[in-house]
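Below is one structure, written out as structure tokens; comments come after it.
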Amino acid sequence: NDISSTAVLVLIADKDPVGVLFLNYRQTQRFDDAQRLLIQTLAQYVAIAIKTRRAYELGRKSDFEVLQAIDSLISEPKDLDTTLGRILDLAKDHVTATEDAAIFLYDSDRDFLEMRHYLGNHRKLFDDTPGLDLAKLRLLEKRGIVVTSFLEKRPILSPDVNKNARYVPWVPSTISELDVPLIDTETGERTGVINLESGIQSFSEADKDFLVTLASQASLAIKVVQVRERFDALTSAINTVYEAVHRPPI
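Counting in the working numbering, the sequence shown runs from 51 upward without gaps.
Here is the structure:
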């Protein structure tokens, strides 16, 4: 009764609808950008909670453990570097063939995939080059599997990278590569890529399915941290201005 405004959102986890969220307000709401972002983040969190519970009920222990770990990153957000490190650790722990791994985040202002966290040989590779310049690479046929996965918004499993026409040998010892894009499930926008590489053995379809699940939930964890960091920066700027305005004259 006495409802003035309503927000209705489809709950989506890993591209699958899992329910609908209704938010009713007794006071009229403007639903400005900040409030929309808060509601969308809440909806994604609820969707993950539902999927986590279903994974547990279905007995998918591996999926459940991963979703539970990501859930803790969302409910108790850390700084971005810590969050990215935890995501890569989860990937490496479950996809045991992994030797090298990286998370690239997209900088839309520069049209650039920036390597924000890495394990293995990627550390040496990108000491001087912090990422991939899409403005140049998107024009090339041989632009790399990471870039292709990002631009085409699809996971790519290459059991033998030398048979992939898009492959660029950033890490010469690589035999198999697995790349999954990070996609905001609310907006559908590409936000980055998780990249795993191995010089020992090929990744499997099961590895790909796992990483797709991880990437879906990791996207939200990263978004929560980024939103919090932007909010903290804005609050700090406002406080600085307030203190300057109300500082007593000398």
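Cβ atoms here follow ideal geometry from the backbone N, Cα and C, with glycine treated the same way.
- The Cβ-Cβ distance between L184 and G194 does not fall below 8 angstroms.
- Annotated three-state conformation of D161 is coil, per DSSP.
- Residue state for A63 is assigned as strand, using DSSP reduced to three classes.
- Residue pairing by DSSP places P231 opposite V243 in a beta bridge.
- Judged by pairs of C-beta atoms under 8 angstroms, the region 152–165 touches the region 236–250, as three or more such pairs exist.
- Cβ contact annotation for E164 (same chain, cutoff 7 angstroms, sequence separation greater than five): F154, L155, D157, P180 and G181, in chain order.
- Rounded to the nearest whole angstrom, the CA to CA distance from Q85 to T198 is 34 angstroms.
- Sequence-distant partners of V211 (beyond 5 residues in either direction) whose C-beta falls short of 6 angstroms from its own C-beta, in its chain, are Y217, T224 and E227.
- L182: member of the beta strand (DSSP E) spanning G181 to D183, first to last residue.
- By the C-beta density criterion, Q267 is buried, having at least 16 other C-beta atoms within 10 angstroms.
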